Amino acid sequence: MVKHLYRHGAKYRERRSFEKRYGKKKGRYIYGAVVGKVKRERAAKR
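Quick note on numbering: this note's numbering labels position 2 of the sequence shown as 16, and the sequence is numbered without any gaps.
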């Protein structure tokens with residue numbers, strides 16, 4: 015089972031890119047939604 019969506023410190027960089035694109039509050043929300051979506055999709059493949 016994969017524990018982390020982004021490895022080797024990429025979470026911070028990815029979250030920052032979302033915050034830069036959408037603003038701090040909305041960027042964090044969208045980042046969380048994307049991570050949750052990918053996690054659910056990966057779980058469904060198994």
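Even glycine gets a Cβ: it sits at the ideal position worked out from N, Cα and C.
Just so we're clear, the structure is a prediction, and the values are computed from it rather than from any experiment.
Our contact map puts G41 next to E33 with C-beta atoms below 8 Å; I'd like the distance itself, whole angstroms only. Position 27 of the sequence shown, counted from the first residue, corresponds to residue 41. Position 19 of the sequence shown, counted from the first residue, corresponds to residue 33. Confirmed, Cβ separation roughly 3 Å.
Take the Cβ of Y45 as the centre, count every other Cβ of all protein chains shown within 10 Å, and call the residue buried at 16 or more, exposed below. Looking up residue 45 in the sequence shown gives position 31. By the 10 Å Cβ count, Y45 comes out buried.
For R21, which of helix, strand or coil comes out of DSSP? Sequence index remark: in the sequence shown, residue 21 carries index 7 (1-based). It is coil, neither helix nor strand.
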